[in-house]
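In the numbering used here, the protein residues as written are 38 to 99.
Heads up, the thing below is written out as structure tokens.
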């Protein structure tokens, strides 16, 4: 008789790091996934805010 292996989700063993800050995200910690990248919620909000930031200063006097 063969013993059956326990079915444990693979995500319990994979260590995940935030793509923005590089700090490890714990399995029980909240995370934001976009495609194949994973972020802390506050890191994601810094990168992709709802209000776009200006790309540069306007050139005065031209």
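We put the CB at the ideal spot given by N, CA and C, even for glycine.
Identified DSSP bridge partners for residue i
i, result
"residue 70", "75"
"residue 62", "53"
Buried/exposed call for residue i, threshold 16 Cβ in 10 Å
i, result
"residue 58", "exposed"
Best match in the options for proximity to residue i [C-alpha to C-alpha]
i, options, result
"residue 82", "66, 61 and 70", "70"
Backbone secondary structure at residue i - three-state DSSP
i, result
"residue 86", "coil"
Rounded straight-line distance, which links the Cα of residue j to that of residue i
i, j, result
"residue 74", "residue 54", "9 Å"
"residue 52", "residue 85", "24 Å"
"residue 60", "residue 93", "30 Å"
"residue 79", "residue 63", "15 Å"
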